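Read through the structure below, which is laid out as structure tokens, and then see the notes.
Residue numbers (the working numbering), protein chains in the order written: chain R, 109 to 240; chain C, 1042 to 1160.
Next comes the structure, spelled out in structure tokens:
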């Protein structure tokens, strides 16, 4: 039976759990399930930065997340409060706080923790990567 | 049907953003009137201690936020007995009232919720 998943990602792009989260998400869709939302929180918001540069002999997991989200038109929400305090800003927030740089990659949206709870209410399954 | 969340908070109040960001998840659930309870485990039990002096570490005091949880509709706080015992703590000395659970009660608690999130 096809199920609806919410996936939360709590660690930065270089963390093993973030790679596992991506592989899990890919397997979820490959198995015919639906991903209602991916929610990035705590250091997971750093994955949404467009400024991550990885050495050529390393996997670029942040880039792979972007590609995966774009290919499947997933709803990818980054917690706005967690993002602001870690320097991940979209156009509106950079203007609001008068910062030079906009670094939120285009496939992501900044929004509140309400979006996590909203996703959970729509889902059948919830899995979180990178917590304590 | 409304889905419920058990949030397991495992980080010490001074160990970075973890404890505060876990609490924010609870407050957001309360704001939307969604059922959420918190279980404090491991160093997370230290969040409940009385007479903390976060200002000496140039930190904010989280305990006021914890005490505000009932105002947000988050009524059920639980704390793991074995995690208190490991740290030589007595539940009677906690600043925030939480129901003390042994390991089998924790197993039962986890089964009662639709989702479990650990931070």
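C-beta: ideal position from N, C-alpha, C; glycine also. The model shown is predicted, which means the values in this text are computed figures rather than measured ones.
- Task: Provide the residue(s) that pair with residue 112 of chain R in DSSP beta bridges, ordered along the chain.
- Result: Beta-bridge pairing by DSSP links residue 112 of chain R to R/142.
- With DSSP run on the structure shown, which of helix, strand or coil describes residue 185 of chain R? Three-state DSSP puts residue 185 of chain R in a strand.
- Hey, how far is the Cα of residue 1132 of chain C from the Cα of residue 1138 of chain C? In a straight line, the C-alpha of residue 1132 of chain C is about 8 Å away from that of residue 1138 of chain C.
- Identify the continuous beta strand (DSSP E) that holds residue 1121 of chain C and give its terminal residues. Annotation: the continuous beta strand (DSSP E) that includes residue 1121 of chain C extends over 1118–1121.
- Message: Which of the three DSSP states is assigned to residue 206 of chain R in this structure?
- Response: In the structure shown, the three-state DSSP call for residue 206 of chain R is coil.
- Message: Quick check on residue 1128 of chain C: does DSSP put it in helix, strand or coil?
- Response: Three-state DSSP puts residue 1128 of chain C in coil, outside helix and strand.
- Item | With 16 other Cβ atoms within 10 Å as the buried cut-off, status of residue 185 of chain R | By the Cβ-count criterion, residue 185 of chain R is buried, with 16 or more other Cβ atoms from all chains shown falling within 10 Å of its own Cβ.
- Message: Here's a check: name, in chain order, each residue in its chain whose Cβ is nearer than 8 Å to the Cβ of residue 1154 of chain C, leaving out the five neighbours to either side.
- Response: Once the five neighbours on either side are set aside, the close Cβ partners of residue 1154 of chain C are 1045, 1046, 1047, 1078.
- Would residue 1119 of chain C count as contacting chain A if we go by Cβ distances under 8 Å? Among the protein chains in the structure shown, which are R and C, there is no chain A.
- Message: Using DSSP's beta-bridge definition, name the partner residues of residue 217 of chain R.
- Response: According to the DSSP secondary-structure assignment, residue 217 of chain R is paired through a beta bridge with R/185.
- Task: Please state whether DSSP places residue 236 of chain R in a helix, a strand or coil.
- Result: Look at residue 236 of chain R here: in three-state DSSP terms it is strand.
- Could you confirm whether any beta carbon from chain C is found closer than 8 Å to the beta carbon of residue 225 of chain R? Yes, contact with chain C.
- Query: In chain C, what lies closer than 7 Å to residue 221 of chain R by C-beta?
  - Reply: Correct list: 1065, 1066, 1069.
- Item | Enclosing alpha helix (DSSP H) for residue 176 of chain R [first to last residue] | For residue 176 of chain R, the enclosing alpha helix (DSSP H) starts and ends at 169–179.
- Report yes if the CB atom of residue 1054 of chain C is closer than 8 Å to the CB atom of residue 1088 of chain C, and no otherwise. Against a cut-off of 8 Å, the Cβ pair of residue 1088 of chain C and residue 1054 of chain C comes out as a contact.
- Message: Bridge partners for residue 1078 of chain C per DSSP, in chain order?
- Response: C/1047.
- Query: Secondary structure at residue 148 of chain R, three-state DSSP: helix, strand or coil?
  - Reply: In the three-state reduction of the DSSP assignment, residue 148 of chain R falls in the strand class, which pools E and B.
- Verify the CB distance criterion: does residue 1059 of chain C have a CB-CB separation below 8 Å to chain R? At a cut-off of 8 Å between beta carbons, residue 1059 of chain C contacts chain R.
- Starting from the C-beta of residue 215 of chain R, find all residues in its chain whose C-beta is less than 7 Å away, skip the five residues before and the five after it, and write them out in chain order. Closer than 7 Å at Cβ, skipping near neighbours: 174, 177, 178, 184.
- Whole-Å CB distance - residue 121 of chain R paired with residue 160 of chain R, under 8 Å assumed: The pair is a contact, with the Cβ atoms about 6 Å apart (cut-off 8 Å).
- Query: Where does residue 121 of chain R fall in DSSP's three states?
  - Reply: In the structure shown, residue 121 of chain R sits in coil (DSSP, three-state: anything other than H, G, I, E or B).
- From residue 218 of chain R to residue 1148 of chain C, what does the alpha carbon distance come to, in whole angstroms? As the crow flies, the alpha-carbon of residue 218 of chain R is around 35 Å from that of residue 1148 of chain C.
- Message: Taking the straight line between their C-alpha atoms, what separation do you get for residue 1141 of chain C and residue 1117 of chain C?
- Response: Looking at the backbone, the Cα of residue 1141 of chain C and that of residue 1117 of chain C are separated by about 11 Å.
- residue 1112 of chain C: which of C/1083, C/1100, C/1071 sits nearest, CA to CA? Of C/1083, C/1100, C/1071, the smallest CA-CA separation from residue 1112 of chain C is found for C/1071.
- So which residues on chain C does residue 179 of chain R lean against when the C-beta distance must stay under 8 Å? Residues of chain C with a Cβ closer than 8 Å to the Cβ of residue 179 of chain R do not exist, since the nearest Cβ in that chain sits about 27 Å away.
- DSSP-derived helix/strand/coil call for residue 1099 of chain C: Residue state for residue 1099 of chain C is assigned as coil, using DSSP reduced to three classes.
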